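A.B. asks: So that we are looking at the same thing, I have put the structure below in C-alpha cells.
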Amino acid sequence: MVTTSILALFILGFVAAALLGVASKLLAVEEDPRVEAVVGVLPGANCGGCGYAGCENYAQAVVNDPNVPANLCVAGGEETGINVGNLTGKTVAAMEPQISFRRCEKVEGKVAVRFQYQGMPSCAAAALLAAGQGTDQCRYSCLGHGDCIKVCPFDALYLRDGLIRVNPARCTGCGQCTKACPRNILEIVPRRARVMVCCSTKDKGKVVTEICEAGCIQCLRCKRQCPAGAISIVDGRVHVDQRLCLSYGEECGQACVASCPRHILRSLCPATPLNQAEARAEQDAAVAANPDLRETPQAASLSAEVAAARSSERDEPKQ
1 MVTTSILALF
11 ILGFVAAALL
21 GVASKLLAVE
31 EDPRVEAVVG
41 VLPGANCGGC
51 GYAGCENYAQ
61 AVVNDPNVPA
71 NLCVAGGEET
81 GINVGNLTGK
91 TVAAMEPQIS
101 FRRCEKVEGK
111 VAVRFQYQGM
121 PSCAAAALLA
131 AGQGTDQCRY
141 SCLGHGDCIK
151 VCPFDALYLR
161 DGLIRVNPAR
171 CTGCGQCTKA
181 CPRNILEIVP
191 RRARVMVCCS
201 TKDKGKVVTE
211 ICEAGCIQCL
221 RCKRQCPAGA
231 ISIVDGRVHV
241 DQRLCLSYGE
251 ECGQACVASC
261 PRHILRSLCP
271 ATPLNQAEAR
281 AEQDAAVAAN
291 PDLRETPQAA
301 SLSAEVAAAR
311 SSERDEPKQ
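In the UniProt record's numbering, the protein residues as written are 1 to 319.
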C-alpha cells in the first residue's frame, strides 16, 4: 500500500513537471536582449527619478517604446544616457544636471517653536499637529524629522541644526525627497541655476515679519526688477522660472537679488550664501555695480509691513 502511494506521487510529480516544461516553452515570452544590456549600464539605484518604478521598468520601456527618451536616468547622468542611446539606437539630447534645493531658513530667521514634538520622528506626522500648523510658528518651515533622508537612495541629505542639508556631491536630482516632504520645501532645480528664493512661505508680509527674521514677505520688488520676467507667484509663493532666468543670462546683474529687502532671494551658483550677512554683502556689491538698482522712493508704494521691514534693515548698525 505504501509502495503504491509513493509510486502514485512520483507519477503525479513527473506529469506535473512535464506539463510545466511544455507550458514554459509554449507560453514563453521572448525578451529583447537589449533590455538586459540597458539594465547593465543603469546605476541600479531604483530611485524612480526617471518616472518609472525601477531601473528594469525603465529599461523595458526605453527598449520597447520609441517615444521613451534614452536620457531619463538622472542618477546616471549624461554618460548613462549616451550608453542607453547607443544600445537602443536613439538620439540622446543634452541633459540638464539637477540638484535638490531647500527653501527654508528658519534657523537664520529665528523661527520660534510652537511646542516640543515628542511623537514618532516623522515630518508627515508632525505636520498634522495643531490643525495642520505643525510644531513651528511658521507653518511652511522645515520640520526636520528627516522623511526625505529616509527615501534618498544616494545618502545626499543630512540634518544639522534641525534643518535638512543637501550634499551637492551626492545629490543627483532624482526628486524622491520632494515627494516625501509634506511642506514642499525641497525643489529640484538646475545645478547651473543662478538665483533661488530661500523661503517657502505663502503668508503675507505682516505675518512673516512677526515670526521669521528672514522670510519672504512677498513684496514682489524682485518681480518688478527682473528684466527676464522670470519671477512670479506660483501656488501662493514666489517662484523663479529657471528656464527664463538662464535664457536671459547674466546681463541683468542679478537685479532680483539686489532688490530683495529681506535678502532671502540669493545667488545659487557658484555657491549659495549661507546667511543674511553674506546675502547683504552680495546685494551691496550688485548695487555698487548697477546704481539703478539702489532703493528709490518707489518703495513708498509697497505695503506697510514691507516698508517697516525695510526701515528696520536700514536702522541696523553697520558692521
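By construction, the Cβ of each residue, glycine as well, lies at the ideal position given by its N, Cα and C atoms.
Because the structure is a prediction, the values reported are computed rather than measured.
1. Please state whether DSSP places Glu187 in a helix, a strand or coil.
2. Hey, how far is the Cα of Val238 from the Cα of Cys219?
3. Does Phe14 come out as helix, strand or coil in the three-state DSSP assignment?
4. Of the choices Cys174, Lys202, Leu72, whose alpha-carbon is the least far from that of Val189?
5. Helix, strand or coil for Gln98 per DSSP?
6. Using CA atoms only, rank isn't needed, just tell me which of Ala23, Phe14, Pro66, Phe101 is closest to Glu194.
7. Could you check how far apart the C-beta atoms of Ala130 and Pro182 are, in whole angstroms? I think they sit under 8 angstroms.
8. Given this structure, state the Cα-to-Cα distance separating Val258 from Cys73, to the nearest angstrom.
9. Below 6 angstroms CB to CB, which residues in the same chain sit around Gly13 once its five sequence neighbours on both sides are set aside?
10. So, for Gly21: in the same chain, excluding its five sequence neighbours on each side, which residues have a beta-carbon less than 8 angstroms away from its beta-carbon?
11. Are Cys104 and Ser24 closer than 8 angstroms when you measure CB to CB?
12. Measuring CA to CA, which of Cys171, Arg139, Arg34 is closest to Val207?
13. Are the beta-carbon atoms belonging to Val39 and Ala70 less than 8 angstroms from one another?
14. Count the other CB atoms within 10 Å of the CB of Ala214; is the residue buried (16 or more) or exposed (fewer)?
15. Enumerated in chain order, which unbroken segments of the alpha helix (DSSP H) with a length of 4 residues or greater are wholly contained in the segment 58-128?
16. Return the Cβ separation of Cys252 and Cys226 in integer angstroms, given the expectation that the two are a contact with Cβ distance under 8 angstroms.
17. Taking a contact to mean a Cβ-Cβ separation below 8 angstroms, would you say Gly144 touches Gly162 in this structure?
18. Grouping DSSP H, G and I as helix and E and B as strand, with all else coil, what is Arg139?
19. Quick one: what's Leu159 bridged to in DSSP?
20. Helix, strand or coil: which one does DSSP assign to Ile6?
21. 8 angstroms is my cut-off, CB to CB: does Leu19 come that close to chain C?
22. Take Ala17 and list the residues in its own chain whose beta-carbon comes closer than 6 angstroms to its own, dropping the five residues that flank it on each side.
23. Give me the Cβ distance between Phe115 and Thr135, rounded to the nearest whole Å; I'm assuming they're in contact under 8 angstroms.
24. So, are the CB atoms of Ile231 and Val240 less than 8 angstroms apart?
25. Here's a check: name, in chain order, each residue in its chain whose Cβ is nearer than 7 angstroms to the Cβ of residue 335, leaving out the five neighbours to either side.
26. Considering Ile211, what are the terminal residues of the alpha helix (DSSP H) in which it resides?
27. So, is Ile11 buried or exposed, given that buried needs 16 or more other C-beta atoms within 10 angstroms?
28. State the DSSP-derived secondary structure class of Arg221, mapped to helix, strand or coil.
29. Can you tell me where the alpha helix (DSSP H) holding Leu246 begins and where it ends?
C.D. replies: Here's the rundown:
1. Strand.
2. Each residue's Cα considered, the two are about 10 angstroms apart.
3. Helix, per DSSP.
4. Nearest C-alpha to Val189: Cys174.
5. In the structure shown, Gln98 sits in a strand (DSSP, three-state: E or B).
6. First, the residue type needs correcting, since residue 194 is Arg and not Glu in the sequence shown. Cα-wise, what sits closest to Arg194 is Phe101.
7. With 8 angstroms as the limit, Ala130 and Pro182 do not qualify as a contact, their Cβ atoms being about 14 angstroms apart.
8. Sequence check: residue 258 is Ala here, not Val. Between the alpha carbons of Ala258 and Cys73 lies a distance of about 36 angstroms.
9. Take Gly13, set aside five residues on each side of it, and no residue of its chain has a beta-carbon closer than 6 angstroms to its own.
10. Hits under 8 angstroms: none found.
11. It is not a contact, given that the beta carbons lie outside the stated cut-off.
12. Checking every option, the nearest Cα to that of Val207 belongs to Arg139.
13. Inclusion of Val39 and Ala70 in the CB contact set at 8 angstroms is not warranted, their separation being larger than that value.
14. That one is buried.
15. Secondary structure remark: continuous alpha helix (DSSP H) runs of at least 4 residues inside the segment 58-128, in chain order: 77-88, 123-126.
16. The pair is a contact, with the Cβ atoms about 7 angstroms apart (cut-off 8 angstroms).
17. Yes, the pair counts as a contact, with Cβ atoms nearer than the cut-off.
18. Here Arg139 sits in coil by DSSP.
19. Residue pairing by DSSP places Leu159 opposite Ile164 in a beta bridge.
20. Reduced to three states, the DSSP call for Ile6 is helix.
21. In the displayed structure, chain C is absent; only one protein chain is listed.
22. Closer than 6 angstroms at the Cβ level, and outside the excluded window around Ala17, lies no residue.
23. A Cβ-Cβ separation of about 6 angstroms places Phe115 in contact with Thr135 under the 8 angstroms criterion.
24. In this structure, Val240 lies closer than 8 angstroms to Ile231 by Cβ.
25. Residue 335 is absent from the structure shown; the chain starts at 1 and stops at 319.
26. Boundaries of the alpha helix (DSSP H) around Ile211: 205-211.
27. By the neighbour-count rule (16 or more Cβ atoms within 10 Å), Ile11 is not buried but exposed.
28. Of the three classes helix, strand and coil, the one that applies to Arg221 here is helix, per DSSP.
29. Residues 242-248.
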